[in-house]
Each structure stands twice: as C-alpha cells, then as structure tokens.
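Numbering (our numbering), first residue to last: 56 to 503.
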C-alpha cells in the first residue's frame, strides 16, 4: 500500500506478498533506475526481467524504444561521464546483453569509484555475496553514506561486503530506537561489530532490553558485541539456561562472559567433558578459547586456572579493587587450584548468613574453603564471642588454617565433600571434537 499498487492486480500476482519488504523496495528502485515502469506485474516478474536481453525488453514494451539504460543507471547516482564510457566499452553491444549484466557492470564501477577500491575487490563484493546482485544503486548510495557517518571507513566496508545488504531505513531505525546499549553508544558497537547494522533493528532492541534486565556491565557488552548477531529469543534462552548452571553463572561478572553465550554449544560440550574427567577449575577463557588451546590444557591434567575469574568475581561481589583481591589471594599457596564455583558458593553463603562484605574482604582466604566448612567455622567463631564482630571471620579462617597446620591444604577438603563424577562404563572420556563452527539460530534478516 505504500506504493499505491492496484489491489486487484496484487491478487493476480500473490507471489510478491512472499517477498520481504526491504527486498521488494530494492526491486522497485532497480526497475525505476532502469527506466521500467513499476507495477505489480513488473515486480512479480522482477527476476525474469533481469534475465531478459535489452532488445527483448524493448520489443515487449517493458523499456521504451531507444531508451539508454546505462545512462539512466549512471544518472541515478551521478556517475562521472568517464565511468559511463568505461561501462559501455566493457559491455560492447549493449542490446545483446541481459539487464542484469548491464546493471552489475554499472554497480561494479560505482563501487570502485565510491569506495576507492580496485576491480577485484568490487567484483568480490558481488560474487561472494550474491544478494548484492539485486541492490539498488540509490539505496546503496544512501547506506554507504550512513555507514560512513557512523565512522566505518571505506576499507572496512570493502572487507565486510554484507553491509551492502543493510537497508538504509533499517539502519536509521536502529540509530533512532537503540541509541545506546548498556550506556555504550550504538555507533561504537557498529564500529566494533559492523554486522549489527545488518540485523533487524527490533531484534537489537529486544537484546538491549535483555542485557539491561540481566544487569550486564558496559564492558561485558562491548567485549561480546557479537551476541547482537543472534536472535533475541536465542540470547534470552541461552542466558536462562546458563543461570541454571552454577559453574557458568558464577562467571557472569567476567567481561568476556558473552563469548560463552555466543559459542553456547561449545561451552556446554567443554563443561560436560571437564565434569566427566573431574576437572573443576573452569574459566571463561578455557570454555571459549580455540580448540587447540583447550586440548592442550586438559591434556596436562593440571586442574588450575589463571585466577582472573576468581579475582573478577570477588572484586565485583565485594566492591573491592581487583588489584587488592589479587594481592591478598597470592598469599595463599593453592588459591589457583580452587574452583570459582566453590568461591562463589562460599561467598554467597557468608553474605546470606548476615556477614558484611567488609568482613568477608578482611578474611578473603575463607572464600577458598568449601561452603559447609566455612559456614561451620564462621558460626562457631561467632558463638564463641571471644572477638569483636569485625574479626569473627578472621578467627574462623585461623581455626580452619590451624587444622591444616597453616599449609593452606585445607582448601582441598572439597574432594571429600563432593561425590566423584560417574564416568560411565569405564571407557576413557574423549575430548569433544569441534569441527567448524557450531550452528546457531540467528535472527531472521528481513529483505535480504
């Protein structure tokens, strides 16, 4: 109805209703640029018209006799006369060419001039992404102007030719409806992950609401902007599932957490494998890194981490500088061998039991002990009433360390508290094979 098409004719050509709106808009502009009258029948037979020779189109009256298609296309984007002459020279006898051949010749020359790239790059932008074969020159000029206004250089557009599939109306709606994401300017995210411009703006808006609902930080959003290339329902579903897995949800404060959301199936496969071989020291890096690095780590059999996830969690949860957390934890000889899950469970249990964040900060090594032992020691110390409240957790830590003769080995009591993981029929566990990328459900891109 936007173009005032005859409804009676639409009922005769219902196939045009199956086309995405943005694709139909490109087809309409292409027909206009070629000098073809836009109507229901011409839109319905768009692909057939493109495959037709110019002399045949003139014979059937689709193009006026003697109409200069090349000149019409070049004038639509104000191409220089020299460029027009180049196109004519490359095509030879124009009448014996299909409309698609003529269009693509002009389109390729336009890309070369507009993006200042060579012929091979311009050709690759069309051949690698066949959908670019059916992009209007005028709409392409609009989207290139918009992309450059957001800080995307011509070189970056050439390296990411799928951006030509972005409809200018879609990008304008994105900028208007999603100006910021977790306090981050949407333009900064577009420069970091250009594919966001290609996604439906309403999908991005839904993901923004999901991110804000779960309370993720600005840095987390910036480091995992790839998550905005997924469908909003997929993001919500994955976050909900991860919230039910304690080992994963304890990592939510890590700035790279969205990498696990993006490669969700890979994360689950690795988590399952590490549970099977009874390795409990997990990290965001380990669960989302390249397969060779993951294989190298598990092959060593050393159940330790770099400690970044522990420091990040305690820093965020207890509102203490990360440098101070690192300084305190390094005094314990075995802190890197303690799983993040143990630290998070103990910390949450102490806070839920009524101890303040300041008290926990002053006895930080207590969070390295299993929840049950730490709570028992804390309650016993509180019941003894021999020290002021601010020193209760320090007394509890002293008693626990005394049991291990102050060697720090008391943190390994989790081995007796936790039942062994069943491996199955006795067969050795195998590394998960990761060949290629894991399929994922992406947001449906309208009009491509």
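Glycine included, each C-beta is placed from N, C-alpha and C at the ideal position.
Cα-Cα separation, residue i to residue j
| i | j | result |
| --- | --- | --- |
| residue 446 | residue 290 | 44 Å |
| residue 305 | residue 382 | 21 Å |
| residue 410 | residue 342 | 33 Å |
| residue 199 | residue 85 | 17 Å |
| residue 165 | residue 123 | 17 Å |
| residue 298 | residue 406 | 20 Å |
| residue 239 | residue 270 | 14 Å |
| residue 257 | residue 389 | 48 Å |
| residue 185 | residue 264 | 34 Å |
| residue 136 | residue 187 | 24 Å |
| residue 303 | residue 284 | 22 Å |
| residue 332 | residue 308 | 26 Å |
| residue 113 | residue 120 | 6 Å |
| residue 129 | residue 191 | 12 Å |
| residue 377 | residue 315 | 22 Å |
| residue 287 | residue 234 | 18 Å |
| residue 273 | residue 159 | 42 Å |
| residue 205 | residue 150 | 41 Å |
| residue 326 | residue 345 | 15 Å |
| residue 183 | residue 231 | 31 Å |
| residue 92 | residue 110 | 17 Å |
| residue 482 | residue 296 | Any reading at residue 482 must be qualified, since the residue scores a pLDDT of 43, below 50, and its modelled position is unreliable; the value itself is stated next. Approximately 29 Å between the Cα atoms of the pair. |
| residue 475 | residue 372 | Here residue 475 scores only 39 on pLDDT, less than 50, and its place in the model should not be relied on; the value that follows carries that caveat. Approximately 30 Å, taken between the alpha carbons. |
| residue 236 | residue 223 | 20 Å |
| residue 268 | residue 277 | 17 Å |
| residue 72 | residue 249 | 30 Å |
| residue 455 | residue 347 | 39 Å |
| residue 453 | residue 362 | 23 Å |
| residue 154 | residue 97 | 14 Å |
| residue 415 | residue 433 | 11 Å |
Status (buried if at least 16 other CB within 10 Å, exposed otherwise) for residue i
| i | result |
| --- | --- |
| residue 323 | buried |
| residue 142 | buried |
| residue 103 | exposed |
| residue 116 | exposed |
| residue 428 | buried |
| residue 480 | Residue placement at residue 480 is poorly supported in this model, since its pLDDT is 39, which falls under 50; the coordinates are not used for a value here. |
| residue 133 | exposed |
| residue 374 | exposed |
| residue 318 | buried |
| residue 408 | exposed |
Where residue i falls: helix, strand or coil (DSSP)
| i | result |
| --- | --- |
| residue 319 | helix |
| residue 285 | strand |
| residue 95 | helix |
| residue 312 | helix |
| residue 68 | coil |
| residue 275 | helix |
| residue 364 | helix |
| residue 344 | coil |
| residue 415 | helix |
| residue 110 | helix |
| residue 236 | strand |
| residue 337 | coil |
| residue 129 | helix |
| residue 142 | helix |
Contact belief for residue i with residue j at Cβ below 8 Å, rounded distance in angstroms
| i | j | result |
| --- | --- | --- |
| residue 395 | residue 364 | 5 Å |
| residue 161 | residue 125 | 6 Å |
| residue 412 | residue 436 | About 18 Å; that fails the 8 Å criterion. |
| residue 118 | residue 144 | Residue 118 to residue 144, Cβ: 22 Å. No contact. |
| residue 400 | residue 426 | 5 Å |
Cutoff 9 Å: residue i Cβ touching any chain C Cβ
| i | result |
| --- | --- |
| residue 414 | Protein chains in the displayed structure number just one, and chain C is not present. |
Problem - Complete runs of the alpha helix (DSSP H) confined to the region 147–234 [at least 4 residues] - result: Here the runs fully enclosed are 154–170, 174–182, 192–204, 209–214, 223–232.
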